[in-house]
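See structure below.
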């Protein structure tokens with residue numbers, strides 16, 4: 013965890029992205045992560061829309 017305000021001392025566990033990744037995998041997609049030092053990180057995914 014880079015953001016110290018979300019540390020284990022403040023109730024964070026560091027498993028957020030792992031859980032998100034598993035949920036997205038269950039739905040047949042994957043997490044895409046782009047990170048640039050000093051700029052930030054983008055996390056995104058695609059979900060298929062099935063019209064019923």
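In the numbering used here, the protein residues as written are 13 to 64. Ideal Cβ placement from N, Cα and C applies to all residues, glycine included. Given the structure is predicted, the values throughout are model-derived calculations rather than measurements.
(1) Hey, quick one: how far does the alpha helix (DSSP H) through residue 47 stretch, first residue to last?
(2) Using the DSSP secondary-structure output, state which residues sit across from residue 55 in a beta bridge.
(3) Determine the DSSP secondary structure at residue 63, reduced to helix, strand or coil.
So, from the listed chains and residues:
(1) Element bounds for residue 47: not the alpha helix (DSSP H) but the beta strand (DSSP E), 44 to 48.
(2) 45
(3) coil
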